[in-house]
Structures are given as structure tokens and as C-alpha cells.
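Since the structure comes first, as C-alpha cells, the remarks are kept for the end.
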Amino acid sequence: MKLIERNEGYMLTEDDLIRYGRQILYPSFGQEGQEKLKRSHVVVAGLGGLGTSASIYLACAGIGHITLVDCDRVELPNLNRQILYCEEDIGEKKPFSAARKLAKLNPSIKITPLFERVTEDNVRDIIGGAHVVIDGMDNFETRFILNSACVAEKIPFIHGGVYGLFGEITTIIPGKTPCLACIYPAAPEKKLKPLPIFGVTPALIAILQVTEAIKLLAGFGNLLTNRMLYINGEGMEFTIADLTKKPECNICGGSKLQ
Ligand SMILES: [Zn+2]
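All residue numbers for the sequence shown refer to our numbering, where the first residue is 991 and numbers rise by one.
Right, dumping it as C-alpha cells:
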């Protein structure tokens, strides 16, 4: 994990103290926590239901730099859950549409929109230098690419996944916790394509992902590491399962992180 460096240019302004006043009041966070968020760079990989919801709360919280990456354009069936987009945005490139809305919400932060598909060739350029990567993907192929790159770059990866009214989340810290390949040696089989989904499920998981990101970046609280939280919205059951690192994992196992 990269240490967030102190830098005079990232001191809080008078406006910051007002805008973030209610969270600065939180004793274990305070001005120091807010400064750390201001110096942070978070990559939101995927701007669907998870990514749009996550990016709103990252922007509200005052994450200093947010990179938004997606290779799709806004379509009508997105609008039941991808809450940064309006009907008038249909056809627009998602990262640019999202960046425009977030800049209105919080003009004091830097937003970098990238209209790109995440591949093995460009992933290190996209996430390099980030402090956290938020998994907003809808497919395991790309999740595995992000996971491998995050392990290699030692960047925390906050995994989220959704299906219908079911969701899951865990925080992966390279070198310390199981990586996504330890948890899923192969991509789980998709029952239906496209996946059935209600808007509330990615919203719920995304808010938990951002909660993890805020604690991780500001350095307080306990993280959802070595554990997966499973949410069953149909039965309204929240369960946590322990996860174990696989020494033989071909991504994070053996001597790869020594
Ligand atoms: Zn692993």
C-alpha cells in the first residue's frame, strides 16, 4: 500500500472546512482524515450500477482525484440503476457523462474520465499511482485483470458484485489478504445474460465499498478484509464468511509478494 504523502498544496481550504464540516466533526476522522482524502486518488473501474453510485459518494466525501473508466455509452436499460445518467444522456460516453455530473456536485475535486476498455495491456497505466481501485465491473474477466494488476502494483482493490437482490463485498489488500483469484479460482458461471438486477443492490454494495475506501484512506476503523459480506436482499439477510489466502494462488501466492 502506498503511503499518502503530506503536501502543502493539499491543505484544506476554508470552503473544504465548510463543505466537509459534518464528517470532519467525526472524532476518529477529523481534519487530518479529510486531508488524507484530499490527497487520495481512487480509480472507479466500471461505471454501471456499482460505479455510478460509488463515484457519487467518493465525490461527496472529497476524494481529491477520481478516475472514471468505462468503454460503454449510456443506454435506456441502464437507467434503472446507473443513477448518474439521465434520459438525455443516452448515447453519450459514460465516463464523460458521469464526470460532468460529478463536477457539478463537487467542483473542487479532480476527475479524470477514460473512455477505454480495461485490458491486460492498459490496466497498469490506468491504475498506476492510485491508492484504491473500486471494482464496478459486471464481468469476472475484467475483474481478474484488475485483481492481478492491483496485486502487482500493491493497490487495495475493493471487490463488489451483484445479482438481482444479492450482493457481495470484500476488501483486498495485496500481500495481506486473499486476492480475488484466491477466492474465485475461475469465473463463476453466469446463469442469465444480461444479469437480472435491481437498482438498489449495486447502490447498497457501492456505498459499502466507499465506506471501506474512506476508512482505508483516512486510516481508521476496521476493514472488511479476509471476509466476504454477502447480502441477500430477498430474505434481508447479511452474512459474513471468512476467506483464506491460497499459498498456491498463481496471482498472489508463493514468493510473488515477498
Ligand atoms: Zn491470490
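Every residue gets a Cβ at the ideal spot worked out from N, C-alpha and C, and that includes glycine. All values reported here derive from a predicted model rather than from experimental measurement.
Residues of its chain near residue i, where Cβ-Cβ distance is below 6 Å and the 5 sequence neighbours each way are ignored
| i | result |
| --- | --- |
| Val1033 | Thr1057, Ile1117, Ala1120, Val1123 |
| Asn1222 | Phe1156 |
| Gly1039 | Arg1071, Gln1072, Pro1192 |
| Asp1130 | Checking the sequence shown, residue 1130 turns out to be Phe, not Asp. The answer, listed in chain order, is Ala1177. |
| Asp1128 | Gly1038 |
| Met1226 | none |
Other residues of its chain near residue i: CB distance less than 7 Å, five sequence neighbours each side excluded
| i | result |
| --- | --- |
| Ser1138 | Ile1241 |
| Asn1212 | none |
| Lys1083 | Arg1063, Phe1105 |
| Asp1232 | Asn1216, Arg1217 |
| Arg1114 | Ala1139, Glu1143 |
| Asn1112 | Glu1106 |
| Glu1202 | Ile1148, Thr1161, Leu1213, Leu1214 |
| Ala1208 | Phe1019, Gly1023, Lys1026, Leu1027 |
| Lys1091 | Leu1074 |
| Glu1224 | Leu1155 |
| Ile1080 | Val1064, Glu1065, Leu1066 |
Residue i Cβ short of 7 Å to ligand 1 heavy atom set
| i | result |
| --- | --- |
| Ile1241 | yes |
| Cys1076 | no |
| Lys1166 | no |
| Ala1193 | no |
| Lys1236 | yes |
| Cys951 | The structure shown does not extend to residue 951, since the chain is modelled only from 991 through 1248, so no value can be given for it. |
| Cys1050 | no |
| Ala1177 | no |
| Cys1061 | no |
| Ala1089 | no |
| Ala1171 | yes |
Host alpha helix (DSSP H) of residue i (start-end)
| i | result |
| --- | --- |
| Val1108 | Premise fails: Val1108 is in no alpha helix (DSSP H) and is neither H nor E. |
| Asn1137 | 1130-1143 |
| Phe1086 | 1084-1095 |
| Arg1012 | 1011-1014 |
| Gln1021 | 1020-1028 |
Span of the beta strand (DSSP E) around residue i
| i | result |
| --- | --- |
| Gly1039 | Careful: Gly1039 lies outside any beta strand (DSSP E), inside the alpha helix (DSSP H) at 1039-1051. |
CB-CB length for residue i against residue j, believed under 8 Å
| i | j | result |
| --- | --- | --- |
| Ile1099 | Gly1054 | 6 Å |
| Ile1046 | Leu1007 | Not quite, the Cβ-Cβ distance comes to about 22 Å (not below 8 Å), so this is no contact. |
| Ile1187 | Gly1154 | 6 Å |
| Leu1048 | Glu1025 | 16 Å between Cβ atoms; not a contact. |
| Ile1135 | Val1152 | Going by Cβ atoms, the distance from Ile1135 to Val1152 rounds to 19 Å, so no, they are not a contact pair. |
| Gln1013 | Ala1051 | 7 Å |
| Ala1088 | Leu1074 | 5 Å |
| Val1190 | Ala1044 | Going by Cβ atoms, the distance from Val1190 to Ala1044 rounds to 14 Å, so no, they are not a contact pair. |
| Tyr1010 | Arg1029 | With a Cβ gap of about 14 Å, Tyr1010 and Arg1029 do not count as contacting. |
Identified DSSP bridge partners for residue i
| i | result |
| --- | --- |
| Ile1230 | Leu1219 |
| Tyr1153 | Phe1156 |
| Ala1035 | Val1059, Asp1125 |
| Thr1265 | Outside the modelled stretch of the chain, which goes from 991 to 1248, sits residue 1265, for which no answer is possible. |
| Val1101 | Per the sequence presented here, residue 1101 reads as Ile, with Val not at that position. DSSP output for Ile1101 lists Ile1056 as bridge partner(s). |
| Lys1166 | Per DSSP, none; premise fails for Lys1166. |
| Ile1187 | Gly1154 |
Neighbourhood of residue i by C-beta, 8 Å cutoff - its chain only, sequence neighbours within 5 removed
| i | result |
| --- | --- |
| Leu1219 | Glu1158, Ile1159, Thr1160, Leu1198, Phe1228, Thr1229, Ile1230 |
| Gln1248 | With a pLDDT of 44 at Gln1248, under the threshold of 50, the modelled position of that residue is not reliable, and the figure given next carries that caveat. Here the set comprises nothing. |
| Lys1183 | none |
| Thr1234 | Pro1168, Cys1172, Asn1216 |
| Lys1205 | Gly1211, Asn1212, Leu1213 |
| Pro1085 | Leu1037, Leu1058, Val1059, Asp1060, Pro1103, Leu1104, Phe1105 |
heavy atom of ligand 2 below 7 Å from residue i C-beta
| i | result |
| --- | --- |
| Thr1057 | What this structure holds is ligand 1, not ligand 2. |
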